[in-house]
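Novice: Starting off with a structure, shown below.
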Amino acid sequence: MAGKLIVFEGIEGCGKTTQIQQIQPWLADRLSLNHSSGGKLHQRGVQVTREPGGTQLGQHLRDLLLHHDIREPLSDRSELLLYAADRAQHIETLIKPLLDQGTIILCDRFTDSTLAYQGYGRGLDLQQIHQINQIATGGVVPDLTLWLNVPVEAGLTRIKARKKVDRIEQADLEFHYRVAEGFATLAKMYPQRIVPIDGNGDRDRVTQQIQNILNQKLLEWGLISNNYGCV
0 MAGKLIVFEG IEGCGKTTQI QQIQPWLADR LSLNHSSGGK LHQRGVQVTR EPGGTQLGQH
60 LRDLLLHHDI REPLSDRSEL LLYAADRAQH IETLIKPLLD QGTIILCDRF TDSTLAYQGY
120 GRGLDLQQIH QINQIATGGV VPDLTLWLNV PVEAGLTRIK ARKKVDRIEQ ADLEFHYRVA
180 EGFATLAKMY PQRIVPIDGN GDRDRVTQQI QNILNQKLLE WGLISNNYGC V
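Numbering (numbering that gives the first Met the number 0), first residue to last: 0 to 230.
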């Protein structure tokens, strides 16, 4: 009855949040229909969360990280450890209990973001980040990571259309290029877990790509039956 952790990753403006909003009701209906049509497993909930900010403590940390308005600059290592604190709280109070209940979790960012942003982007030691991630997660690893791949310029153009940008989004262009390269490198390192999604173009076309991948994974995980037609 263990749940599944599905993570959405990518650079700023890649469309993660929009796609999670699209996928959550579709996935809930998918599992519900399979259950009502004779699926073998118990009906499962679908929960959306995010990092940073998936808990009450995390929301305060998110404000510090993304909307830092203190005159004293936030150091790179402090930034890394604040993200780790958010993740540790997130794992213990939300993610682990939901997984134990059999919930399917859709998470907006997770450990790969820390490697891409604080490792490749900020230049902090990758091995140390891996160790900190291990401590913060207690060994929890995503069952699937969907990497929405878009060009840096396209993502930043989407961001500029918003009325307000956060501290990370305001970083210089070279930083965002390094982050993008980080995600690309991680996708090559962990192809069994990270699935690239072409995040360019029409929103519904991107959603269809994700639905096709999730249909395949749901079958592999035994959460839908073979005689249940795909969308």
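By construction, the Cβ of each residue, glycine as well, lies at the ideal position given by its N, Cα and C atoms.
Which residue wins for smallest C-alpha separation from Gln234, given the options Gln169, Gln46, Arg177?
Specialist: Because the chain here runs from 0 to 230, residue 234 falls outside it and cannot be looked at.
Novice: Using a 10 Å radius around the Cβ and a threshold of 16 neighbouring Cβ atoms, would you call Ala83 buried or exposed?
Specialist: By the 10 Å Cβ count, Ala83 comes out buried.
Novice: Pull up the DSSP beta-bridge partners for Trp220, would you.
Specialist: According to DSSP, Trp220 bridges with nothing at all.
Novice: Tell me the DSSP bridge mates of Lys3?
Specialist: DSSP output for Lys3 lists Ile103 as bridge partner(s).
Novice: Count the other C-beta atoms from every protein chain shown that fall within 10 angstroms of the C-beta of Glu219, then say buried if there are 16 or more, exposed otherwise.
Specialist: Flag for Glu219 reads exposed.
Novice: According to DSSP, which residues form a beta bridge with Pro195?
Specialist: Note: Pro195 sits in a beta bridge opposite Trp146.
Novice: Identify whether Val45 lies in helix, strand or coil by the three-state DSSP scheme.
Specialist: The answer is strand: DSSP assigns Val45 an E or B state.
Novice: Taking 9 Å as the cut-off, decide whether the C-beta atoms of Ile90 and Gly44 are in contact.
Specialist: Taking 9 Å as the Cβ cut-off, Ile90 and Gly44 do not qualify as a contacting pair.
Novice: For Thr48 and Ile103, what's the separation of their Cα atoms in angstroms?
Specialist: For Thr48 and Ile103, the distance between alpha carbons rounds to 11 Å.
Novice: Rank Asp68, Ser112, Leu81 by C-alpha distance to the C-alpha of Leu56 and give the top, closest one.
Specialist: When each option's Cα is compared against that of Leu56, the closest is Leu81.
Novice: Output yes if chain D places a C-beta closer than 9 Å to the C-beta of Thr54; else output no.
Specialist: Any reference to chain D falls outside this structure, which holds one protein chain only.
Novice: Excluding the five sequence neighbours on either side, which residues of its own chain have a C-beta within less than 6 Å of the C-beta of Leu30, listed in chain order?
Specialist: Arg43, listed in sequence order.
Novice: Looking at the unbroken alpha helix (DSSP H) that takes in Asp62, where does it start and where does it end?
Specialist: 55-65 is the span of the alpha helix (DSSP H), which, as asked, contains Asp62.
Novice: Along the chain, where does the alpha helix (DSSP H) containing Tyr82 start, and where does it finish?
Specialist: Per DSSP, Tyr82 belongs to the alpha helix (DSSP H) from 75-89.
Novice: For Asn199, I'd like the list of residues in its chain whose CB is within less than 7 Å of its CB, leaving aside the five on either flank, ordered along the chain.
Specialist: Here the set comprises Val149, Ala153.
Novice: Going by DSSP, what residue range makes up the alpha helix (DSSP H) through Tyr233?
Specialist: Here the chain has residues from 0 to 230 only, and residue 233 is not among them.
Novice: Just to confirm my understanding: we take Leu93, look at its own chain, exclude 5 residues before and 5 after, and list those with CB closer than 7 Å. What are they?
Specialist: The answer, listed in chain order, is Thr48, Gly53, Thr54.
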